[in-house]
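Structure record follows, encoded as structure tokens.
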Amino acid sequence: QVQLVESGGGLVQAGGSLRLSCAASRNIFSFYAMGWFRQAPGKQRDLVATITREGTTNYADSVKGRITISRDNAKDTVYLQMNSLKPEDTAVYYCAAGVSRVGMNYWGKGTLVTVSS
């Protein structure tokens, strides 16, 4: 069973920065891709960013230029650097891992990010 554990969430003022981490219980190079998703209160879970085994990244339009996904294979950890945060970035952020091109197979329990105005 794969475990993904997120950390780094918290309360930050608008314009501030946070870095989220996702530690995996196995070698992340074994996954086709890993990603971050978020779910705001009363809304569906949406993609934030993904990164493939080869390092190819993909971002939601709403976060391009402000948020960067990266991975450290040696530490089996994926990061989400979030800058210029806005109140609308407030959500629970989930880490996910997929073994193929089709969807994500494993999910973390999430970490809450709250951006105050």
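If you count the sequence shown from 1, position 62 lands on 84 in my numbering, and the numbers rise without skipping. Positions of the beta carbon are idealized from the N, C-alpha and C atoms, including for glycine.
Reduced DSSP secondary structure (H/G/I, E/B, other) of residue i
i, result
"residue 138", "strand"
"residue 52", "helix"
"residue 43", "strand"
Sub-9 angstroms separation of residue i and residue j beta-carbons
i, j, result
"residue 37", "residue 107", "yes"
"residue 83", "residue 47", "no"
"residue 104", "residue 121", "no"
"residue 39", "residue 29", "no"
"residue 119", "residue 59", "no"
"residue 141", "residue 132", "For residue 141 there is no data in the structure shown, the boundaries of the chain being 23 and 139."
"residue 102", "residue 89", "yes"
Where residue i falls, given that 16 or more other Cβ within 10 Å makes a residue buried
i, result
"residue 93", "buried"
"residue 96", "exposed"
"residue 125", "exposed"
"residue 87", "exposed"
"residue 26", "buried"
Which full runs of the beta strand (DSSP E) of 3+ residues lie inside the region 54 to 130, going along the chain? 55 to 61, 67 to 74, 79 to 81, 89 to 94, 99 to 104 and 113 to 120
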